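To start, the structure under review is shown below, and the notes come after it.
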Amino acid sequence: MPELPEVETIRIGLEPIVVGRTVTDLRVLNPRAVRRASEGLEPLRGATIDSVVRRGKYMWFDAGDISMVAHLGMSGQFRVGGGQNPHLRAYLLLDDGVRLDFIDQRTFGHLMPDEFTKTPDGAPGGWGSTSPRVPRSIAHIGRDLLDPAFDIETVVRTVKAKNTEIKRVLLDQSIASGIGNIYADEALFLARVHPRRLTNRMSLGKIRDVYLAAADVMRRAVAVGGTSFDELYVNVNGASGYFERSLNVYGRDGLPCVVCGAAIKREIFMNRSSHFCPACQRARHVRPLTRRVQRVK
DNA sequence: AAAGGGACCTGGCTGC
DNA sequence: TGCAGCCAGGTCCCTT
Numbered sequence: 095m096p097e098l099p100e101v102e103t104i105r106i107g108l109e110p111i112v113v114g115r116t117v118t119d120l121r122v123l124n125p126r127a128v129r130r131a132s133e134g135l136e137p138l139r140g141a142t143i144d145s146v147v148r149r150g151k152y153m154w155f156d157a158g159d160i161s162m163v164a165h166l167g168m169s170g171q172f173r174v175g176g177g178q179n180p181h182l183r184a185y186l187l188l189d190d191g192v193r194l195d196f197i198d199q200r201t202f203g204h205l206m207p208d209e210f211t212k213t214p215d216g217a218p219g220g221w222g223s224t225s226p227r228v229p230r231s232i233a234h235i236g237r238d239l240l241d242p243a244f245d246i247e248t249v250v251r252t253v254k255a256k257n258t259e260i261k262r263v264l265l266d267q268s269i270a271s272g273i274g275n276i277y278a279d280e281a282l283f284l285a286r287v288h289p290r291r292l293t294n295r296m297s298l299g300k301i302r303d304v305y306l307a308a309a310d311v312m313r314r315a316v317a318v319g320g321t322s323f324d325e326l327y328v329n330v331n332g333a334s335g336y337f338e339r340s341l342n343v344y345g346r347d348g349l350p351c352v353v354c355g356a357a358i359k360r361e362i363f364m365n366r367s368s369h370f371c372p373a374c375q376r377a378r379h380v381r382p383l384t385r386r387v388q389r390v391k
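Note that our numbering has the first sequence beginning at 95, numbered continuously upward.
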């Protein structure tokens, strides 16, 4: 499940492979892998890649007037290819003979050629970029927590004004991007906030704590190459990350809390699992459970 | 308008 | 042994 740290690891791995290279050929093996399937990836043919940029979980190849946006979804991978893989969805052939494969078992990921639009704040479009522009289709995605132009005070005020639960807002990529289910649970644990806590019942300081915790956990995950559970997330060379051993709550339901020893709880919320310590993250200022269908294991 | 919930997708795993 | 059903979750889209 690639979130910001995993995508950043892949972006770093892609840079020496694609920057300065020209796309000499390309092929789409599964039309689901490309948005705007009518034109496919053809606009990339002949383009020279100047940089690989990331905002949240999105990446793009900056190739002059055109970009190729990439989202890995649940299981997308870029691999230096040539080998056989039943989940190979598309590939680019570069002018040095390298074949860059896009592999995606669950097919939630996609590639897409796109044009640029200017960033409203005049800052570079994302990590790895020096130009103030972003692909049009992802202009609505918020800056991520590790972006130098990320404005935490604006985000904190936006979150406070919402009438909903904190975890739902953490996963809203238009407010702050890059956070997925794993790091949302980890950030809430570190900030000692229940996932279903209502944001308009939180102080500005507490909301800030949650976002600072999310930034901290992602920064530490980037440093060790992200989190790997299985072969679905690996970097461009096929190697795994090491952050799984640092997870405090995610996937630890029933095991003792590392702080207080209480059993970590797993609860279904937003059709996903939430993992939290019921003692460290008390259910204060949450909506009554009767308002929603709940299944607790 | 904002909020919330389901669909999409595949393969590994569980339990009968 | 075989197979049905569950589970993983990022994002889009529809309904309220």
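Using N, Cα and C, we set each Cβ at its ideal position, and we do this for glycine too.
Owing to the predicted nature of the structure, the values given are computational and were not obtained by experimental measurement.
Can you tell which of Tyr-277, Ile-160, Val-263 has the C-alpha that lies nearest to the C-alpha of Ser-340?
The sequence position of residue 340 within the first sequence is 246, counting from 1. Residue Tyr-277 is the option with its Cα nearest to Ser-340.
C-alpha distance - Cys-351 paired with Cys-371, whole-angstrom precision:
As a first step, residue 351 is located in the first sequence; it is residue number 257 there, counting from the start. As a first step, residue 371 is located in the first sequence; it is residue number 277 there, counting from the start. Near 6 angstroms, if we compare the C-alpha coordinates of Cys-371 and Cys-351.
Between the beta-carbon of Leu-108 and the beta-carbon of Val-147, is there less than 7 angstroms?
Mapped onto the first sequence, residue 108 falls at position 14. Mapped onto the first sequence, residue 147 falls at position 53. No; because the gap between Cβ atoms is not below 7 angstroms, this pair is not in contact.
Counting beta carbon pairs with one atom in the stretch 228-241 and one in the stretch 300-313, are three or more of them shorter than 8 angstroms?
yes
Residue range of the beta strand (DSSP E) that includes Ala-377
The residue labelled residue 377 in the question sits at position 283 within the first sequence. Here Ala-377 belongs to no beta strand (DSSP E), and DSSP marks it neither H nor E.
What is the rounded straight-line gap between the Cα of Thr-116 and the Cα of Tyr-185?
Taking the first residue of the first sequence as 1, we reach residue 116 at position 22. Taking the first residue of the first sequence as 1, we reach residue 185 at position 91. Their backbone Cα atoms lie some 13 angstroms apart in a straight line.
For the stretch 210-239, which segments carrying the alpha helix (DSSP H) assignment without a break, of at least 4 residues, lie completely within its bounds, in sequence order?
none
Mind checking whether Leu-138 and Met-162 have CB atoms under 7 angstroms apart?
Residue numbering aside, residue 138 sits at position 44 when the first sequence is read from its first letter. Residue numbering aside, residue 162 sits at position 68 when the first sequence is read from its first letter. Yes; because the gap between Cβ atoms is below 7 angstroms, this pair is in contact.
If you follow the beta strand (DSSP E) that Glu-361 is part of, which residue opens it and which one closes it?
In the first sequence, counting from the first residue as 1, residue 361 sits at position 267. First-last of the beta strand (DSSP E) with Glu-361: 359-363.
How far does the beta strand (DSSP E) with Phe-172 in it extend, from its first residue to its last?
What you label residue 172 is simply residue 78 of the first sequence in a count that begins at 1. Residues 170-174.
Would you report the Cα separation of Val-192 and Gln-375, rounded to the nearest angstrom?
Here the question's residue 192 lines up with position 98 in the first sequence. Here the question's residue 375 lines up with position 281 in the first sequence. Straight-line Cα distance between these residues: approximately 49 angstroms.
On the DSSP bridge assignment, give the partners of Phe-196 in chain order.
By one-based count along the first sequence, residue 196 stands at place 102. Answer is Phe-172, Ala-184, bridged to Phe-196.
Go ahead and pull the three-state DSSP assignment for Met-46.
The first residue shown for the chain is 95 and the last is 391, placing residue 46 beyond what the model contains.
With 16 as the cutoff for other CB atoms within 10 Å, does Gln-267 come out buried or exposed?
Counting from one through the first sequence, the residue named residue 267 turns up at place 173. Result: buried.
Taking 6 angstroms as the line, does the beta carbon of Asn-294 fall inside it for any heavy atom of the ligand PLP?
Here there are no bound small molecules, and the ligand PLP is not part of this structure.
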